[in-house]
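A quick write-up on the structure given underneath.
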Amino acid sequence: MMQIAVLSGFVLAAFAPLLYRWLGQRTAAIMALYPLAIVVWLLAQWSTVVTGGEPVWLEMAWVPGMDITLTFLIDGLALLFGLLIAGIGVLVLVYAGEYLRGHPDLPRFLAIITAFMMSMLGLVLADNLVTLFVFWELTSITSYLLIGFNHTDISARKAALQGLFVTVAGGLALMAGVVMLGVAGESWSLAELTTRGDQLRSHALYTPMLICLLLGAFTKSAQFPFHFWLPNAMAAPTPVSAYLHSATMVKAGIYLMARLQPSLGGTDLWVVTLSLVGGVTMFTGAFLAVRHTNVKKLLAYSTIMALGTLTMLLGIGTEGALIAFVTFLLAHSLYKGALFMVAGILDHETGTKDVTAMGGLRALMPITAGVALVAALSLAGVPPLLGFIGKELMLDSVMNASHYKALLLLLAFMAAILTIAVAAIVALRPFFGEQRQTPRAAHEAPLAMLFGPAVLAGASLLLGLVPGSLDRLVGVTVAGIGAAGADVHLALWHGINLPLLLSLAALALGWVTYRRWDRVRARLAYLDPLMARGPEAAYDAVMLGVAGGAEWQTRLLQNGYMRNYVLVMVATLIALLGNSLLLRHSPEIAFQLDVHFHEAVVVSLMAMAALFATITRSRLGAVASVGIMGFSIALTFILFSAPDLGITQLLVETLTVILLVLVLFRLPRFASLSTPLERIRDLLVAGSMGVLITLLVLTSWGIDQFIPISGYMVDNSVPLAHGRNIVNVILVDYRALDTLGEIFVLALAAIGVVAMLKLRAAKPTDETKGRSDG
Amino acid sequence: MVKSGTLILHTAARILMPLQLLFAVFLLLRGHDEPGGGFIAGLVAAGGFTLYLFAYGISATREVLRMVDPRDLIGVGLLLGMISVFPAWFFDQPFLTAQWWTIPGIDFTASTPLIFDIGVFLAVLGSVLAMVMTLMEVDKDEP
Amino acid sequence: MEPLMAVVIGLIYAAAIFMMLRRSIVKLVIGLMLLSNAANLLIFTSAGMTRGAPPLIPETLVEPLGTVADPLPQAVVLTAIVIAFGVLAFAVVLIRRAYEIVKADDLDKMKETDT
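Shown next as structure tokens:
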């Protein structure tokens with residue numbers, strides 16, 4: 017079962033440090049066998065899912081009471097994503113083992129990246145919305161740990177936190193959206209929701225639900241204006257960038273939108289939002305890319321471009337657009353993974369990430385140069401690579417868009433030009449031209465590092481040459497996201513048509529941009545002040561505001577004065593309680609005073625004890641009066657049918673006296689420290705709380721909000737629980753989990769007492785003594 | 008440690024403590040049917056030991072407890088509480104579902120609620136004793 | 049009976065909060081004890097008070113004879129009493145340790161974090 021495989025993957029992750037101790041440097045390669053096995057298993061489902069067109073269901077219960085399952089649904093889309101995640105995962109593990117060879121934190125890296133891999137697999141395979149959300153958040157957390165891998169570097173930590181805040185904030189919105197989706201669709205199963213599109217689209221919650229879900233997807237997939245965290249996330253080691261921030265995690269949002277396309281897609285709101293946000297992201301990504309000389313930043317921005325393209329295609333939503341979506345998705349994962357790994361090789365071998373500092377490396381690292389060239393050609397969309405097919409399909413579907421066709425086409429065309437320039441910068445600049453001195457003497461990368469990019473680039477080429485081999489997979493995937501029965505024929509040559517001409521024009525203009533890149537960059541530098549006011553500045557302002565607000569409220573509420581805390585809490589309680597008690601319900605007081613004389617005596621004893629405890633000036637008097645109160649409470653319990661309570665109260669009261677004798681009389685005598693004004697204020701606060709509580713008891717007594725569950729407990733105490741003392745049966749059987757928690761609390765209190773008394777810090781120094789004397 | 012003028016206390020403590028412990032066990036075992044149970048039994052037993060503690064002091068009480076540290080009692084109590092969580096799992100029922108086993112020969116039914124209640128008893132006894140004994144030890148150290 | 053109890057519970061709450069607002073640490077402890085007593089009584093009373101019908105089932109019977117007092121709040125209060133004791137012990141020892149170090153019984157003098 018796949019669920020077991022995914023869950024054991026987390027266990028494997030936990031054992032990575034131990035494995036590393038036994039296996040040493042080979043650990044990464046050996047651990048790569050695990051995702052490899054998953055790839056093999058997924059391929060074994062190919063005949064059912066792709067050839068047969070039938071999804072595979074793997075049912076498994078999780079929280080049956082809340083309709084949460086661990087059921088996995090493997091349809092075309094899940095299979096495609098699963099293969100990409102596990103497949104690239106194998107390559108990344110092998111690559112990372114070499115890239116981080118000898119790094120002291122390699123075991124930690126392997127642990128987290130394996131955990132991430134499993135979270136991502138769970139995310140794309142899950143059929144249940146809640147399960148999907150759980151895995152979604154797990155990817156955010158593991159991604160945070162991976163971005164901040166170099167945790168001694170402050171910029172890495174900041175970038176990690178930024179990525180976490182943005183994606184987790186989106187995750188919160190997603191959670192709200194998921195709940196609305198489940199409520200509106202009356203099901204938590206994604207497959208079930210797919211068949212309820214009409215019900216969902218006409219539901220009153222449709223708009224808020226869509227906004228929340230899209231916020232989650234947009235933040236995760238770095239759509240404008242949330243794109244800024246992705247380039248910063250490049251602080252992560254390059255294998256992480258290759259894996260999380262190009263091929264897998266950032267596509268989670270895209271995956272979610274594709275999944276929801278049949279349930280929520282097709283409305284004007286969906287089409288306009290997705291195509292506009294996608295289009296703008298696509299252009300922004302490409303435009304910002306050419307400003308940078310850092311090879312990883314270049315690639316990160318071009319990833320934003322690709323993510324925007326995918327969102328836009330989902331927004332357009334025609335059959336052609338969905339086919340383009342799947343093809344582009346696959347092509348992008350292949351070439352971008354390869355290019356990132358090449359970037360890692362360059363960084364690793366030359367010691368710099370700046371492409372302008374490199375040149376003529378072709379002679380020193382011919383294989384890397386070849387791989388980079390192939391992958392970049394796919395990025396640029398040059399035939400006969402898979403990227404070309406994807407781009408042709410994309411341009412074609414933009415021309416058939418129903419909304420904002422001209423704008424989208426313009427954005428797509430400009431993005432294509434800039435992307436070609438980026439491809440050229442990444443693949444040509446470091447490898448051609450005159451040789452330059454780099455910080456490290458460059459030479460060809462080791463085999464383990466070449467393996468991954470070579471496989472991915474090879475696949476880009478191979479699939480481009482025989483695109484027909486993808487027809488079925490693309491067809492099945494498209495069928496799952498809203499275009500059932502599509503007739504898919506991927507081909508390199510569609511005759512001379514407008515997309516081809518646009519491609520050629522973009523190629524020419526892109527080449528020109530590349531040749532004049534240095535000048536273009538200088539021009540773009542004028543825009544820097546404007547860039548400083550982008551969405552990232554807004555993020556910074558919000559974070560500063562949060563910190564400022566926290567500081568302000570800490571000064572106000574947590575100023576170290578104990579009674580201030582109590583006062584604030586009680587005042588809040590009075591406000592909330594008073595609001596709902598007096599303003600929302602008018603208290604209905606049913607007087608039914610039926611008191612026996614001895615009961616009145618016991619109760620007035622209680623009241624007098626309470627009063628005496630507050631006014632007495634001696635500690636002993638106060639303790640004694642509290643004791644009297646405790647005993648009269650015990651009597652009350654016994655008089656009113658609670659023998660167990662009575663006994664417990666009596667015993668505790670005895671032990672309390674012992675406790676106070678042991679401790680309280682080592683404490684100072686009562687002192688009068690407050691001013692009369694303070695006393696009056698406190699008296700008012702305490703008095704109003706008392707009055708409210710009295711009203712609360714009087715009101716609550718007459719109200720039955722729900723049918724009491726104690727009837728069930730009384731009826732079944734003997735037949736089911738074999739006990740005649742119902743209170744004890746509740747404690748040890750019906751609500752044993754509560755009791756378990758309570759004995760843990762008691763144990764913690766005891767351990768706390770022992771620790772405070774036995775484990776002593778250094779004796780008070782003279783300084784503190786002096787202070788207290790003064 | 009024996010202080011003068013506390014003859015009655017000494018005698019009472021010596022006689023009462025075993026009786027109280029016996030009574031605690033009685034309360035514990037009948038707790039499912041009559042007033043009693045782990046909480047009450049634990050408090051009664053703790054009361055018995057505390058009485059002894061006041062009469063004879065800390066080291067004598069430690070001797071009575073032999074090798075058992077009250078903190079171990081907390082641990083064993085919590086452990087018993089946790090153990091009774093799992094049996095239901097093996098019968099494919101939700102956690103903590105009560106299981107009953109009739110022991111043949113004697114008229115006694117073992118059950119997870121009983122194990123749980125014993126766990127509560129030990130945890131309460133251990134917690135109270137740990138607090139009181141630590142406090143008294145500290146008092147002895149710092150007169 | 050309940051109206052009378054309601055008044056008394058309100059009174060104990062007021063007394064507890066008044067004591068917790070004092071600056072003297074020992075008064076805080078007294079306030080804490082009053083508060084936990086009041087809260088237990090509140091839960092106990094809200095369920096309604098029944099005379100002479102404890103939630104016990106006579107031997108050989110399957111159900112109690114007639115209506116009995118609601119057992120659920122009793123179970124809740126029972127654990128609450130024991131936990132209140134644990135928390136009280138913790139609080140008292142915490143205060144004792146704080147007093148040993150700061151040597152001040154005025155809570156307002158305990159606001160420095162570095163003593």
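Chain order of the listed sequences is A, B and C.
Under the working numbering, the first residue of the first sequence is numbered 17, with each subsequent residue one higher.
Under the working numbering, the first residue of the second sequence is numbered 8, with each subsequent residue one higher.
Under the working numbering, the first residue of the third sequence is numbered 49, with each subsequent residue one higher.
Glycine included, each C-beta is placed from N, C-alpha and C at the ideal position.
Model, not experiment: these values are computed from the prediction.
The Cβ-Cβ distance between A:Leu666 and A:Ala650 falls below 8 Å.
A:Gly105 and A:Met328 have their C-alpha atoms spaced approximately 27 Å apart. In terms of beta-carbon proximity, B:Pro120 lines the interface with chain A, with at least one pair separated by less than 8 Å. Every alpha helix (DSSP H) of 4 residues or more that sits fully in the region 193 to 250 of chain A is shown, in chain order, as 206 to 210, 213 to 217, 222 to 236 and 245 to 248. In the three-state DSSP reduction, B:Phe93 falls in the coil class, being neither helix nor strand. In this structure, the straight-line span from the alpha carbon of A:Val743 to that of C:Gly100 is close to 15 Å. Uninterrupted alpha helix (DSSP H) stretches at least 4 residues long and entirely within the region 615 to 670 of chain A occur at 635 to 655, given in chain order. DSSP places C:Ile131 within a helical segment (H, G or I) once states are collapsed to three. Contact between the region 302 to 313 of chain A and the region 358 to 372 of chain A is present: 3 or more CB-CB pairs across the two stretches fall below 8 Å. For the pair A:Gly496 and A:Asp91, the CB atoms are nearer than the 8 Å cut-off. Not one beta carbon of chain B lies nearer than 8 Å to the beta carbon of A:Gly643. Following the DSSP letters along the chain, one finds A:Ser279 inside the alpha helix (DSSP H) bounded by residues Lys267 to Leu280. C:Ala87 carries a helical assignment under DSSP once its states are collapsed to helix, strand and coil.
At a Cβ-Cβ threshold of 8 Å, A:Ile129 and A:Ala112 count as neighbours. Rounded to the nearest whole angstrom, the C-alpha separation of A:Ala32 and A:Leu409 is 43 Å. Scanning A:Leu592, A:Gly703, A:Leu676 and A:Phe467 for the CA closest to the CA of C:Arg144 turns up A:Leu676. Looking at the DSSP output, A:Thr85 sits in a beta bridge with A:Ala77.
In this structure, DSSP gives A:Trp57 a helical state, which the three-state scheme calls helix. Put simply, the backbone Cα of A:Pro241 is about 12 Å away from that of A:Met298.
C-alpha of A:Asp556 to C-alpha of A:Pro247: approximately 15 Å in a straight line. Among the residues of chain C, none has a CB under 8 Å from the CB of B:Met89; the nearest is roughly 17 Å distant.
For C:Ile57, the residues of chain A that pass the 8 Å Cβ criterion are Ile709, Thr710 and Val713, in the order they occur in the chain. With a cut-off of 8 Å on Cβ pairs, the region 140 to 150 of chain A is in contact with the region 194 to 211 of chain A, counting three or more such pairs.
The region 48 to 78 of chain B is shown to contain no whole beta strand (DSSP E) run of 3 or more residues. A direct Cα-Cα distance of roughly 10 Å separates B:His17 from B:Leu60.
Under a 10 Å Cβ-count criterion, A:Lys407 is classified as buried, with 16 or more other Cβ atoms of the shown protein chains found around its own Cβ. Within chain A, the residues whose beta carbon sits less than 9 Å from that of C:Ile105 are Val730, Ser733, Val734, Gly739, Arg740, Asn741 and Ile742, listed in sequence order. A:Thr309 carries a coil assignment under DSSP once its states are collapsed to helix, strand and coil.
For B:Thr104, the three-state secondary structure derived from DSSP is coil. Excluding its 5 nearest sequence neighbours in each direction, A:Ala354 has C-beta neighbours in its own chain below 6 Å: Ala391, Pro469, Leu472 and Ala473, listed in chain order. Collapsing the DSSP output to three states places A:Phe448 in coil. For a Cβ distance threshold of 9 Å, nothing in chain B lies close to A:Ile441: the least Cβ distance comes to about 59 Å. In terms of Cβ geometry, A:Met430 and A:Lys421 do not form a close pair [threshold 8 Å].
With 16 or more other Cβ atoms from the protein chains shown falling within 10 Å of its own Cβ, A:Tyr50 counts as buried. Along the region 124 to 135 of chain B, the positions whose C-beta sits under 7 Å from a C-beta of chain C are Val131 and Ser134, read in chain order. Look at A:Leu401 here: in three-state DSSP terms it is coil, with no helix or strand label.
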